[in-house]
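Residue numbers (the numbering used here), protein chains in the order written: chain R, 9 to 503; chain X, -7 to 799.
Working notes, structure below.
Okay, here's the thing in structure tokens:
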């Protein structure tokens, strides 16, 4: 067996910093709000747009035979082989052959970022609209739309006008795709900063009806309305900013506030239908709540948020609890209430950055069990790999651990420590980390050393390493640390 | 008496893994035995015989057997068992025939099912068998991958990477011989300690690699049911998770040993028969993901067994397609400060790639339809090449396709694709860069390059002016391929990627590799049916004398090693032979090409046109037609034209004479051929007749009377197709389409010669056998052109025979 080291000097458009249409709007929202930890957009609309941008509809949808093993697994790459066997070696019609070859050429060109070539092939691919096979003919507009919009999105010579023309034509070719195409068209325009045009497209689509109202159509209509609402929210929040800059005595103030009132009414209608449907609707819920709050409808906002966080039908979403907590905090709700909200968040995401706030709340509480939970929360945060260098968490833990041990709640500490003593020493308190932490962040090393000493005794590697280091500034702290370890370490007391 | 079935009792798994067979030592052993026994039995005949004069100790037989054995060594290595088995089967045939057959049938069925599954999806190398172990300096490191024909030697190849130059491959790689084929190689650096885990079919092993690059073994675990996946903990050194086919997932650490944390023989979401299981770590060191074909679950190793939260479900939440199954799951862990959130997981199916967040289970953050033409069993996420840039995620299909996705969204923001994913040049794409080769070598090279990808490793060497992505691939043929991608941060509107190219050094390396590849002789087929000598077989047991020509003929044919023919058996008169199968649909194109090759396209077309006029005529009918035509010809009064003593042939007339006669034409009919008539245009025939009428001929010819009587049918319809001998099977042959008599006279071109070759082409093997044996040599026309024509004919026969082999 031999080794080949061929050096393929290939210079692809390696990291193109273009944003896909689908997510662009969420970003805008996020920047605007400078918002929270986890931003997750709707499950439904994401799967609608991010999937299969360069793929035709699935084989199953087209009712073609598919390759399945005994387990029912499907093998798309064996599809052609099996089809030719199933048809007794008969080849597809010439027309079908050329179109499928053309399709694969387009896909290949797209994946190689050869937009020009893809566009040339696309020109020929349009003949699929004349396919005699009605199945294929019906699926064709969607394929053409997906490929075409992708090409026009990236093609260096394409412009908004070209895209508009293409989208308008496609809307009328595949009637069933009208809503989807409209929505994607609007998102494209949004990405190019053309809010007015996007709003116009969404308004057109909103009133469009075809045949009987199917459930999929309904969801799409709701989504379109919600996006329209989001656009209105955007202009509303811009106006709000302007308003805050205006003087109250200014004559323009009245008209501006009147405008905002009108907007709000329209937007709430647009947004509230969508967020009743189970799903992940973070940006929509947030903007809706903000507007409700602005006009003083606190009960309405609370209801929306409660529904979003606690409805069983909605998927478990940590952001829903974050929004509710932030709302309650603004409302200056009692501590008990805040704790109960964060308790649920703690169960979903123990590593959330709000957990430090949760700990503070628990610490301030009068209840014993809250104090105990406060310790648990700190241990919980530090379990996660991403939080190992969180100095605040270590500081809190060192302080609270000492406090707990001083308050003779050794059992609490031992309860927490029992499940961790098998892996925390090698996870946090190894010699490697002692060296590394000391080198990178001496304060962190000191905090950790104190915790290590308290939990593992003064013989532990981490504590020994840090305590042996000589540092002028930290001298006093070190001395204190050694003293507390000697006094409170659970290893000593256990013996 | 039934002939014993000589089944070579290979254990099924042996044929399954052909490269397991160690052939040379067996040959050597036999060689040694033979010389040894040869001394003992110099003549091979001084053996004790039993009362029935059969060798008690098979001295001669043994030696002969061993000699034979050597021959069959190239075939099945278990063939040496055959002697004993043969006897066993003779003895036990009446009792065992049914049970053995059913048992074997079951095994065969199982084996076939297994092979079919593997043919559809070979998931044994999921995760990849190529890994990069970083060394002391940033650019240096080791590639670890299996080598050897059975992939059972672990090779540690030191490589030093620099962004500007070619990678430096250091000589003398380290090797570790293992006891099974390596399926997966995983490396991780935890707390400055590089660990290396290897999965074989039934063993998993862990090494610690020192900073100098020396591997030190830590432990080996045996997995009875077979391991399907391993992964190393990114959090704790020396912790590994192993999945077994039984559905168990075990956590194994060097301190605590093996601990089963999850066991469920059933799949997670719905029932799927696949025993494939996969496990990986999460952001929490005590929580693992356990995956199978239907979904992925998060399992807390400290919690009560069996509990957990579904992270991914193959179903409506992810809008999965029908028949979509999970092929790979991977924790996209922490890769530095600017990287994605460490709670993300990648899920690959045969259609799409999903990104799932631990904090928001069941709702994928995004889905991308990769459209790969093979199973994506390898994936690797890399740190951002430069702060602020998206992270490259490599996805490799088994067939060699590579896709590069750019993931954006560091920290708290939402992960998303930055730009459209890219397909990278595959190994097959580099075929054009190799020098021009002769077709056979070209095909070999192509096959070699097409071997499935079983390993992927990507490294971004230390920062330079432009970051470079070094990509290594391991193919199933054992080659490691290297590819380098340069970062192009700002592609202009018309910027085109420069075509993939090779540096001179790479070209030299490849030509060296190619030379080495082509120098290797083609391996013989790994397994061929054992070639037992039937002579020995038949001589071994003395059958009771069988009367009748059938067994006699059978034995004779077997002894001569030829095909058994009807006449060997002498059972049925040739007339009653079953009709040969109907000739299949005609292959017009190849016929036409054939004709064109012989410069007879025009004739072919004529015939074809005629054929259209009256298609689908059966030979019987043709005979009738000949009779009819002869009746007509008699009415037209041309019968007497034919005569044995024809006028001296003009140069023109020699041509039809030279026209090849089918070799099987009986001599009697040869006489009836009055070839001159064929070449003469009809308007001239009258003149000729008049001319001939002047000559006193009839009296001189001895066979005149007889010829006259038999001539009649052949005058007009002379096409060679109608020279059909009385042989019943042969009657099937002529396609019986055209009134060719009309066309032939005009076409004296060489194409005429080609005609018979087509006309007489037998349609199946059985017919073909007959003329060869039957035809006496003398029957072939003594024309000088014959040999070449015969060659054509046999050539065309060969061509035609192939597709019909199935019958």
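Glycine included, C-beta positions come from ideal geometry on N, C-alpha and C.
Excluding its 5 nearest sequence neighbours in each direction, residue 286 (chain X) has C-beta neighbours in its own chain below 6 Å: 259, 260, 261, 262, 264, 306, listed in chain order.
Of all alpha-carbon atoms in X:194, X:309, X:388, the one lying nearest the alpha-carbon of residue 321 (chain R) is that of X:309. For residue 173 (chain X), no CB of chain R lies under 8 Å from its own CB, so it is not counted at the interface with that chain. In this model, residue 110 (chain X) and residue 103 (chain X) are separated by some 10 Å (Cα to Cα).
In the DSSP assignment, residue 237 (chain R) falls outside any beta strand (DSSP E) and lies within the alpha helix (DSSP H) extending over 223 to 253. Taking a contact to require three or more Cβ pairs closer than 8 Å, the region 354 to 368 of chain R and the region 307 to 318 of chain R do not qualify as touching. Between residue 473 (chain X) and residue 449 (chain X), the beta carbon gap of about 11 Å keeps them out of contact (Cβ cut-off 8 Å). Taken atom to atom, the span from the alpha-carbon of residue 201 (chain R) to that of residue 125 (chain R) is near 28 Å. Of the residues X:336, X:342, X:367, the one whose Cα lies closest to the Cα of residue 357 (chain X) is X:336.
Residue environment: residue 312 (chain X) is assigned as buried (16 or more neighbouring CB atoms within 10 Å of its CB, all protein chains considered). About 23 Å separates the Cβ atoms of residue 174 (chain X) and residue 153 (chain X), ruling out a contact at the 8 Å cut-off. Sequence-ordered contacts of the region 203 to 219 of chain X with chain R are nonexistent [C-beta pairs closer than 7 Å]. The C-beta separation of residue 125 (chain X) from residue 179 (chain X) comes to about 5 Å, placing the pair in contact by the 8 Å criterion.
Among the residues facing chain X, residue 393 (chain R) is included, as its CB has a counterpart in that chain under 8 Å away. Spatial neighbours of residue 191 (chain R) in its own chain (CB-CB distance under 6 Å, excluding positions within 5 residues in sequence) are listed in chain order as 232.
For residue 121 (chain R), a Cβ of chain X is located within less than 8 Å of the residue's own Cβ. Identification of chain R residues near residue 415 (chain X) by a Cβ-Cβ cut-off of 8 Å yields 116, 119, 120, ordered along the chain. Taking the C-beta atoms as reference points, residue 394 (chain X) is found no nearer than 8 Å to residue 385 (chain X). Sequence-ordered contacts of the region 266 to 290 of chain X with chain R read 266, 275, 276, 277, 278, 285 [C-beta pairs closer than 8 Å]. For residue 400 (chain X), no alpha helix (DSSP H) segment is defined; the enclosing uninterrupted segment is the beta strand (DSSP E) at 394 to 400.
351, 352, 353, 354, 355, 356, 357, 358, 359, 360, 361, 363, 364: these are the residues of the region 351 to 364 of chain X whose beta carbon lies less than 8 Å from some beta carbon of chain R, given in chain order. Within the region 369 to 456 of chain X, the runs of alpha helix (DSSP H) that reach at least 4 residues and sit entirely inside it are, in chain order, 431 to 442.
Contacts with chain R (Cβ-Cβ distance below 8 Å) from the region 493 to 517 of chain X involve 493, 494, 495, 497, 498, 501, 502, 505, 508, 509, listed in chain order. DSSP, reduced to helix, strand and coil, places residue 207 (chain X) within a strand of the structure shown. Within chain X, the residues whose beta carbon sits less than 7 Å from that of residue 427 (chain R) are 294, listed in sequence order. Straight through space, the alpha carbons of residue 467 (chain X) and residue 414 (chain X) are spaced by roughly 21 Å. A straight-line Cα-Cα distance of about 10 Å links residue 207 (chain R) and residue 195 (chain R). A direct Cα-to-Cα measurement between residue 105 (chain R) and residue 87 (chain R) gives close to 14 Å.
For residue 308 (chain R), the secondary structure class from DSSP, reduced to helix, strand or coil, is helix.
Near chain X, meaning a CB-to-CB distance below 9 Å, the residues of the region 307 to 338 of chain R are 323, 324, 325, 326, 327. Here the region 273 to 286 of chain X lies against the region 218 to 233 of chain X, with 3 or more beta-carbon pairs under 8 Å apart. Distances from the alpha-carbon of residue 491 (chain R) to those of R:280, R:471, R:481 put R:471 closest. When rounded, the separation of the alpha-carbon atoms in residue 238 (chain R) and residue 291 (chain X) is 39 Å. When DSSP states are grouped into helix, strand and coil, residue 116 (chain R) belongs to the helix group. Judged by beta-carbon spacing, residue 150 (chain R) lies beyond the 8 Å limit of residue 412 (chain X), meaning their Cβ atoms are not closer than that value. For the options R:442, R:297, R:434, R:163, the alpha carbon positioned closest to that of residue 334 (chain R) is the one of R:297.
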